[in-house]
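Order-wise, the sequence lines are chains A and B.
Residue 46 is where the first sequence starts when you use this note's numbering, and the numbers rise one by one after that.
Residue 7 is where the second sequence starts when you use this note's numbering, and the numbers rise one by one after that.
What follows is one structure encoded as structure tokens, with my remarks underneath.
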Amino acid sequence: MMVAWFKEVIFPSPLELANGKIVKPKRSPMVYVLPIIFVLILISMEITGFDFMVLVNRGYQFFVIIGRMIPPDLGFIPKVIQPMIETIMMSIVGTLVGAFFALPLAFLSSDNIIKNKIFLWVNRFVFSIFRTLPILIIALLAKYVFGLGSFAGTVAIALFTWLIMTKMLYELIETVDMGPFEAVESSGAGRLKAFWVSILPQILGQFISFILYNFEMNVRSASILGYVGAGGIGLLLNEKLGWRQYDKVSTILLTLLVTVYAIETLSRAIRKKLS
Amino acid sequence: MKESILLAYKKRPRAWILNLAIFIFIVLIFIASTPYIPYKGIQEKSISIAYSILYGITQPDFSYFLDFSKGALPYLLLETIAIAFLGTLIGAVFALPFAFLSARNVVPKWMAHVGTFFIAVIRTFPAFVYGLMFIRVTGPGPFTGVLTLAVSGIGMTAKLFTESIEDLDMGIIEGLDASGCTTIQKIRYGIIPQLMSNFLSTTIYRFEINVKNASILGLVGAGGIGYPILAAMGAYRWKDAGTLLFGLIVVILIIDYFSGRLRKKLATGQ
Chain A
46 MMVAWFKEVI FPSPLELANG KIVKPKRSPM VYVLPIIFVL ILISMEITGF DFMVLVNRGY
106 QFFVIIGRMI PPDLGFIPKV IQPMIETIMM SIVGTLVGAF FALPLAFLSS DNIIKNKIFL
166 WVNRFVFSIF RTLPILIIAL LAKYVFGLGS FAGTVAIALF TWLIMTKMLY ELIETVDMGP
226 FEAVESSGAG RLKAFWVSIL PQILGQFISF ILYNFEMNVR SASILGYVGA GGIGLLLNEK
286 LGWRQYDKVS TILLTLLVTV YAIETLSRAI RKKLS
Chain B
7 MKESILLAYK KRPRAWILNL AIFIFIVLIF IASTPYIPYK GIQEKSISIA YSILYGITQP
67 DFSYFLDFSK GALPYLLLET IAIAFLGTLI GAVFALPFAF LSARNVVPKW MAHVGTFFIA
127 VIRTFPAFVY GLMFIRVTGP GPFTGVLTLA VSGIGMTAKL FTESIEDLDM GIIEGLDASG
187 CTTIQKIRYG IIPQLMSNFL STTIYRFEIN VKNASILGLV GAGGIGYPIL AAMGAYRWKD
247 AGTLLFGLIV VILIIDYFSG RLRKKLATGQ
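In structure tokens, the structure reads:
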């Protein structure tokens with residue numbers, strides 16, 4: 046029974062249709078994919094030293110810290126507000142600056158506007174390399190250049206947003222209706238002017254929704270920025286984690302949760318209105 | 007004719023008031039933010055540091071790539087990929103129940119709200135906080151990295167899974183129902199084929215992110231290439247940092263390329 050089932054999966058037998066035509070079903074790709082994934086899992090477990098028994102025996106340790114986080118020290122909230130505002134400000138300014146510079150770069154990276162293939166290819170390749178840099182590394186570099194503090198964090202957010210937003214934007218620009226652009230161009234306008242009057246209005250709604258999305262993401266990643274000393278709520282979080290004051294840590298995380306939730310709700314409402 | 011055109015032109019929407027309002031709003035935000043973001047000038051050695059890093063990345067020491075001993079660059083990269091791979095898979099498996107429990111077309115509305123809130127809570131904890139928690143369980147090392155990525159990935163993966171579940175075409179399932187299929191057959195032929203490609207695509211995307219996140223694991227000593235990079239930067243060994251970063255960038259570019267192609271294939275069905 047089992048063998049027959051396996052045989053059917055690996056070598057499916059041909060089916061005869063009502064009109065006498067014989068159809069050979071395609072072999073499911075899972076036949077190759079699953080064994081490969083299984084082998085990769087075994088190799089990865091070997092490399093990472095994955096040991097299920099450790100989890101069973103010591104897994105409760107994970108909840109020790111969570112236990113110490115409860116109840117959160119609510120009296121600490123007034124001290125969290127100030128850094129939280131700082132983080133929000135860093136995210137707003139960073140996101141806006143990043144978005145501002147993303148538009149021209151996206152213009153220069155869209156294959157329906159720039160016709161020079163070599164320029165386009167080099168441009169995209171260079172920035173795809175920059176895009177691989179994790180925000181943590183960007184924040185560290187910004188810290189080395191601008192010193193400890195929220196200015197470095199803002200620069201890191203701006204750079205990160207700029208790189209990601211550019212990709213989102215040029216992928217969007219490549220899908221717009223080129224009719225108006227060609228019409229404006231044929232009436233004698235330059236490419237920049239044509240882009241401004243015919244493509245920008247088409248992408249503006251999406252552009253704003255990208256800005257909001259990035260803003261949300263940047264508030265979330267603010268905790269990492271603090272870890273390297275780049276200001277905001279993360280700095281406070283890092284300090285309290287270092288001192289093992291877990292009830293204060295949970296207060297900070299709670300504030301972050303409420304803030305992110307509020308921003309998400311607000312931005313979802315705005316995005317719904319835009320679309 | 008001409009007059010009517012002129013009239014229509016005169017009645018064109020005046021966007022400048024709105025534009026001006028947005029402009030003023032943005033300027034106000036920038037002014038309001040200045041006390042929070044003080045500019046303290048550029049660090050003294052910054053230019054030379056930035057130059058050293060760029061130099062390190064553009065002129066990597068290729069002898070690093072030929073050292074296959076444990077703890078050398080190729081092994082670290084392999085370890086990073088292994089951590090990300092295992093972490094992504096475990097995270098995706100755990101994300102499945104959360105996703106189904108917060109999909110509006112599967113469970114009652116209040117349950118979906120609870121589910122989405124729970125996912126939001128998981129997402130709020132930064133990855134390195136999970137890392138610190140798991141270090142108590144498994145000690146520093148790549149195993150901690152796997153668990154950290156698994157748990158911190160649940161949030162995003164579950165959210166994207168939920169979206170694809172909510173996009174399910176119920177007509178197909180009703181059709182199967184009408185032709186007399188059993189529940190198992192409905193799941194096998196109606197639901198799995200619809201969800202599989204989306205789920206796989208999300209998982210591959212998360213794998214991409216997890217490889218990039220390897221540097222964050224370095225903050226808590228949870229294995230992979232992150233810690234060596236951060237240590238090299240902290241000790242001002244820019245050439246080392248640049249070379250390690252170069253290795254990571256190459257790996258990420260390769261993974262990005264293949265995952266992009268794979269996801270395109272999954273999306274278009276071919």
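Idealized CB from N, CA, C, for every residue including glycine.
Note that the structure is predicted; figures quoted are calculated from it, not measured.
Start-to-end residues for the alpha helix (DSSP H) that takes in residue i
i                : result
Arg129 (chain B) : Lys115 to Thr130
Met129 (chain A) : Ile122 to Leu153
Phe175 (chain A) : Lys162 to Arg176
Tyr136 (chain B) : Ala133 to Thr144
Gln205 (chain B) : Gln is not the amino acid found at residue 205 (chain B); the sequence shown has Phe there. That run of the alpha helix (DSSP H) goes Ile198 to Lys218.
Asp183 (chain B) : Met176 to Ala184
Asn102 (chain A) : Phe97 to Arg103
Gln290 (chain A) : Looking at the DSSP string, Gln290 (chain A) is not in any alpha helix (DSSP H), and its letter there is neither H nor E.
Phe104 (chain B) : Leu79 to Leu107
Val112 (chain B) : Careful: Val112 (chain B) lies outside any alpha helix (DSSP H) and carries neither H nor E.
Ala201 (chain A) : Ser195 to Ile218
Pro80 (chain A)  : Met75 to Thr93
Asn25 (chain B)  : Trp22 to Ser39
Met162 (chain B) : Pro148 to Glu172
Ile53 (chain B)  : Ser52 to Thr64
Leu119 (chain A) : It is not in any alpha helix (DSSP H) - Leu119 (chain A) carries neither H nor E in the DSSP assignment.
Leu72 (chain B)  : Leu72 (chain B) -> no alpha helix (DSSP H), and no H or E assigned at all.
Phe226 (chain A) : Gly224 to Ser231
Leu12 (chain B)  : Lys8 to Lys16
Thr189 (chain B) : Thr189 to Lys192
Leu185 (chain A) : Ile180 to Phe191
Supposed contact pair residue j and residue i - C-beta distance, whole angstroms, cut 8 Å
i                : j                : result
Val181 (chain A) : Ile222 (chain B) : Per the sequence shown, residue 181 (chain A) should be read as Leu rather than Val. Indeed they touch by this definition, with Cβ atoms about 6 Å apart.
Leu214 (chain A) : Ala151 (chain A) : 3 Å
Ala109 (chain B) : Glu172 (chain B) : 5 Å
Gly43 (chain A)  : Gly277 (chain A) : Only positions 46 to 320 of chain A appear in this structure, which leaves residue 43 (chain A) out of reach.
Val112 (chain B) : Phe104 (chain B) : Not a contact, Cβ separation roughly 12 Å.
Ser173 (chain A) : Leu259 (chain B) : 7 Å
Asp292 (chain A) : Met114 (chain A) : 6 Å
Phe122 (chain B) : Phe167 (chain B) : Here the sequence assigns Thr to residue 122 (chain B), which means Phe is not the residue at that position. The Cβ separation is near 12 Å, so there is no contact.
Leu138 (chain B) : Val226 (chain B) : 6 Å
Ser143 (chain B) : Gly104 (chain A) : Note on identity: in this sequence residue 143 (chain B) is Val, with Ser being the wrong assignment. With a Cβ gap of about 6 Å, Val143 (chain B) and Gly104 (chain A) count as contacting.
Met262 (chain A) : Ser195 (chain A) : Between Ser195 (chain A) and Met262 (chain A) the Cβ distance is about 18 Å, and since that is not below 8 Å, they are no contact.
Phe68 (chain B)  : Pro80 (chain B)  : In fact, because the Cβ distance is near 12 Å, the residues do not count as touching under 8 Å.
Ala144 (chain A) : Ile248 (chain A) : Rounded, the Cβ-Cβ distance is 12 Å, inconsistent with contact.
Ile67 (chain A)  : Pro57 (chain A)  : Wrong, their Cβ atoms sit about 12 Å apart, outside the cutoff.
Ala220 (chain B) : Gly230 (chain B) : 4 Å
Leu270 (chain A) : Ala201 (chain A) : 6 Å
Ala239 (chain A) : Phe252 (chain A) : Wrong, their Cβ atoms sit about 17 Å apart, outside the cutoff.
Pro117 (chain A) : Thr296 (chain A) : 4 Å
Thr163 (chain B) : Ala98 (chain B)  : 5 Å
Ile198 (chain B) : Lys165 (chain B) : The pair is not a contact, with the Cβ atoms about 20 Å apart (cut-off 8 Å).
Gly360 (chain B) : Gly224 (chain B) : A query on residue 360 (chain B) cannot be resolved here, the shown segment of chain B reaching from 7 to 276 and no further.
Between the segment 301-320 of chain A and the segment 118-130 of chain B, do three or more beta carbon pairs fall short of 8 Å?
Verdict: yes, contact present.
Pick out the complete alpha helix (DSSP H) segments inside the segment 240-282 of chain A, 4 residues or longer, and give them in chain order.
Listed in chain order, they are 245-272.
Closer than 8 Å between beta carbons: that is the criterion. Which residues of the segment 93-124 of chain A meet it against chain B?
Correct list: Thr93, Gly94, Phe95, Asp96, Val99, Leu100, Arg103, Gly104, Gln106, Phe107, Val109, Ile110 and Ile111.
Should the segment 156-167 of chain A be regarded as contacting the segment 14-21 of chain B, the criterion being three or more beta carbon pairs within less than 8 Å?
No, the segment 156-167 of chain A is not in contact with the segment 14-21 of chain B.
Taking Cβ-Cβ distances below 8 Å as the criterion, which residues of the segment 135-147 of chain B are in contact with chain A?
Taking 8 Å as the Cβ-Cβ cut-off against chain A, the residues of the segment 135-147 of chain B that qualify are Val135, Leu138, Met139, Phe140, Arg142, Val143, Thr144 and Gly147.
Examine the Cβ distances between the segment 207-226 of chain B and the segment 159-169 of chain B and report whether three or more of them are shorter than 8 Å.
Contact holds: three or more Cβ-Cβ distances are below 8 Å.
What residues from the segment 253-270 of chain A come within 7 Å of chain B, judged by C-beta to C-beta, listed N to C?
Legend: CB atoms of the segment 253-270 of chain A lying less than 7 Å from CB atoms of chain B belong to residues Ser268 and Ile269.
Determine, using beta-carbon pairs with one atom in the segment 257-270 of chain B and one in the segment 242-249 of chain B, whether at least three such pairs fall under 8 Å.
For the pair of segments examined, the segment 257-270 of chain B was found not to touch the segment 242-249 of chain B: the number of CB pairs separated by less than 8 Å stays below three.
Please go through the segment 217-251 of chain B and give each complete alpha helix (DSSP H) segment of 4 or more residues, from N-terminal end onward.
The segment 217-251 of chain B is shown to contain whole alpha helix (DSSP H) runs of 4 or more residues at 220-226 and 232-240, in chain order.
Residues of the segment 249-266 of chain B with a CB closer than 8 Å to any CB of chain A: list them in chain order, please.
Of all residues in the segment 249-266 of chain B, Leu251, Leu254, Ile255, Ile258, Leu259 and Asp262 have a Cβ within less than 8 Å of some Cβ in chain A.
Compile a chain-ordered list of the residues in the segment 299-319 of chain A whose CB is closer than 7 Å to at least one CB of chain B.
Taking 7 Å as the Cβ-Cβ cut-off against chain B, the residues of the segment 299-319 of chain A that qualify are Leu301, Leu302, Val305 and Tyr306.
Are there three or more Cβ pairs, one per stretch, closer than 8 Å when the segment 128-137 of chain A is compared with the segment 41-61 of chain B?
The segment 128-137 of chain A vs the segment 41-61 of chain B: in contact.
Could you please tell me which residues of the segment 89-121 of chain B, in chain order, have their CB closer than 8 Å to any CB of chain A?
Answer in chain order: Ile89, Phe91, Leu92 and Leu95.
Are there three or more Cβ pairs, one per stretch, closer than 8 Å when the segment 183-200 of chain A is compared with the segment 271-286 of chain A?
Result yes; three or more Cβ-Cβ pairs closer than 8 Å.
Per the contact definition of three or more C-beta pairs closer than 8 Å, is the segment 224-233 of chain A in contact with the segment 279-297 of chain A?
With a cut-off of 8 Å, the segment 224-233 of chain A and the segment 279-297 of chain A do not count as touching, because too few Cβ pairs lie within range.
With contact counted as at least three CB pairs below 8 Å, one residue from each stretch, are the segment 84-104 of chain B and the segment 85-99 of chain A in contact?
In short, these stretches touch, since the Cβ pair count reaches three.
Can you list, in chain order, the residues of the segment 28-59 of chain B whose Cβ is nearer than 7 Å to any Cβ on chain A?
Of all residues in the segment 28-59 of chain B, the ones placed with a Cβ closer than 7 Å to any Cβ belonging to chain A are Ile32, Ile35, Phe36, Ser39, Tyr42, Ile43, Pro44, Tyr45, Lys46, Ile48, Gln49, Ser52, Ile55, Ala56 and Ile59, in chain order.
Report the residues of the segment 181-208 of chain A with a CB closer than 7 Å to any CB of chain B, ordered along the chain.
Listed by position along the chain: Leu181, Ile182, Leu185, Leu186, Tyr189, Val190, Phe191, Gly192, Gly194, Ser195, Phe196 and Thr199.
Tell me whether the segment 48-66 of chain B and the segment 187-194 of chain B touch, counting them as touching only if at least three CB pairs, one residue from each stretch, are closer than 8 Å.
These segments do not touch.
For the segment 132-161 of chain A, enumerate the residues whose C-beta is nearer than 8 Å to any C-beta of chain B, in chain order.
Residues Met134, Met135, Ile137, Val138 and Leu141.
Using a Cβ-Cβ cut-off of less than 9 Å, list which residues of the segment 207-222 of chain B approach chain A; keep chain order.
With the criterion set as a beta carbon lying under 9 Å from some beta carbon of chain A, the members of the segment 207-222 of chain B are Lys218, Asn219, Ala220, Ser221 and Ile222, in sequence order.
Within 9 Å of chain B by C-beta, residues of the segment 210-227 of chain A in sequence order:
Considering only beta carbons, no part of the segment 210-227 of chain A lies closer than 9 Å to chain B.
Closer than 7 Å, Cβ to any Cβ of chain B: which residues of the segment 63-80 of chain A, in chain order?
With the criterion set as a beta carbon lying under 7 Å from some beta carbon of chain B, the segment 63-80 of chain A has no members that meet it.
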